[in-house]
Amino acid sequence: MRYIITSLFILAFTLSFAQTSKTRSLLRSIEGEWKTDDKGNVVYVQIVEAAELSKEEIYTRALDYFTYNYNNGKSVKQTKDPEKGRILAKGIYQKVHSAYEVFLVTRVSSHHIVQVDIKEGRARIIITLNQMDHVSTDSEGESIYHAYAMSECYPVNPRGRSKTVGGKAFYKSHFQVLNTFDKLEKAIKEGNTDQTIAGDDW
Numbered sequence: 197m198r199y200i201i202t203s204l205f206i207l208a209f210t211l212s213f214a215q216t217s218k219t220r221s222l223l224r225s226i227e228g229e230w231k232t233d234d235k236g237n238v239v240y241v242q243i244v245e246a247a248e249l250s251k252e253e254i255y256t257r258a259l260d261y262f263t264y265n266y267n268n269g270k271s272v273k274q275t276k277d278p279e280k281g282r283i284l285a286k287g288i289y290q291k292v293h294s295a296y297e298v299f300l301v302t303r304v305s306s307h308h309i310v311q312v313d314i315k316e317g318r319a320r321i322i323i324t325l326n327q328m329d330h331v332s333t334d335s336e337g338e339s340i341y342h343a344y345a346m347s348e349c350y351p352v353n354p355r356g357r358s359k360t361v362g363g364k365a366f367y368k369s370h371f372q373v374l375n376t377f378d379k380l381e382k383a384i385k386e387g388n389t390d391q392t393i394a395g396d397d398w
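In my numbering, the protein residues as written are 197 to 398.
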């Protein structure tokens, strides 16, 4: 019996070490692609050049993007200032990572803020990751919720809890941010709907 327990412990330790090593490898592949602000939030910046578009056109297309993509109760437009040329919205990347253990499932979602600053012919997009939500559910359906500021999370905080789960959630959130950049840039440059459908000729 003692042999079985010891073997299971060694197996669990080995698997945990392998997972943590894999997570570190994933995080090394995106080193230098993100930075933190003075509050420990993770910040990304991208400039979109659209020289043929006016400030008003870019503003309208960016606002339309949020209308199409941020339309649930947890995604709320915070600021709309057409004169200043700024749109500020918050949202959640839902269930970016799920971790399965014997009697527990942990799902992680990441909160983000998108700021778009607009001038004639260009826009600056700033995306900030500011919180991670961990929801752990046991085999009986009971759930425990924890919200962590990004400054508490691994790898922003090298001593952050749940290095494997948190690290993988961070890695996947990183690519969610890149996907948001791509979609928002496309919306600004090409509009949000097929112009053969939504054009002026109707």
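Virtual Cβ for every residue (Gly too), placed ideally from N, Cα, C.
For residue j and residue i, the rounded distance between their alpha carbons
i      : j      : result
SER339 : TYR289 : 19 Å
LYS291 : PRO278 : 33 Å
ARG198 : GLY337 : Model confidence at ARG198 stands at a pLDDT of 46, short of 50, so the residue's coordinates are unreliable and nothing is read from them.
GLY236 : GLU381 : 26 Å
VAL241 : ASN326 : 15 Å
SER305 : ALA383 : 25 Å
LEU300 : SER335 : 6 Å
LEU207 : THR302 : Note that LEU207 has pLDDT 32, beneath the 50 cutoff, so the model's placement of it is unreliable and the number below is only indicative. In a straight line, the C-alpha of LEU207 is about 21 Å away from that of THR302.
LYS364 : HIS330 : 13 Å
ASP378 : TYR367 : 17 Å
LEU249 : LEU374 : 23 Å
GLU283 : GLY387 : One point to set straight first is that residue 283 is Ile, not Glu, in the sequence displayed. Each residue's alpha carbon lies about 16 Å from the other.
ARG224 : TYR266 : 31 Å
ARG257 : GLY228 : 30 Å
TRP230 : GLN311 : 16 Å
TRP372 : TYR344 : The sequence shown places Gln at residue 372, not Trp. Taking the straight line from one Cα to the other gives about 19 Å.
Residue i versus the options, residue with shortest Cα-Cα distance
i      : options                           : result
GLU245 : GLU316, VAL304, PHE371 and VAL298 : GLU316
ALA285 : THR275, HIS293 and GLU279         : THR275
LYS280 : TRP230, GLU252 and ASN267         : GLU252
SER294 : THR333, ALA319 and TYR264         : THR333
ARG220 : ARG320, PRO354 and VAL312         : PRO354
HIS478 : MET346, ASP313 and ARG282         : Limits of the chain in this structure are 197 at one end and 398 at the other, which puts residue 478 out of reach.
GLY287 : VAL352, ILE314, ASP233 and MET328 : MET328
ILE322 : LEU222, VAL352 and ILE243         : ILE243
Own chain residues within Cβ distance below 7 Å of residue i, not counting five before or after
i      : result
GLY356 : GLU348, CYS349, TYR350 and GLY362
LYS359 : THR216, THR219 and TYR350
Residue(s) in a DSSP beta bridge with residue i
i      : result
LEU300 : ASP334
GLN274 : BP columns for GLN274 are empty, so no partner.
GLN311 : LEU284 and ILE322
ASP329 : SER305 and ALA343
ALA383 : The partner list for ALA383 (beta bridge, DSSP) is empty, contrary to what the question assumes.
GLU245 : ARG318
Classification of residue i by the beta-carbon crowding that lies within 10 angstroms, buried from 16 upward
i      : result
TYR341 : exposed
THR210 : Note on THR210: pLDDT 36, under 50, position unreliable in the model; the coordinate value appears next. Its Cβ having fewer than 16 others within 10 Å, THR210 is exposed.
VAL298 : exposed
ILE254 : buried
ALA319 : buried
LEU264 : The question names Leu, but residue 264 in the sequence shown is Tyr. With fewer than 16 Cβ atoms within 10 Å of its Cβ, TYR264 is classed as exposed.
Close beta carbons around residue i, own chain, < 6 Å, minus the five adjacent residues each side
i      : result
HIS370 : ILE226
LYS385 : ALA246
THR324 : ASN237, VAL239 and ILE309
Same chain, Cβ closer than 8 Å to residue i, five either side skipped, listed in chain order
i      : result
THR202 : Below a pLDDT of 50, predicted positions are generally treated as unreliable, and THR202, at 37, falls in that range; the measurement from the model is reported next regardless. Correct list: empty, nothing qualifies.
LEU259 : LYS276 and ILE283
TYR261 : LYS379, LEU380, ALA383, ILE384 and ASN388
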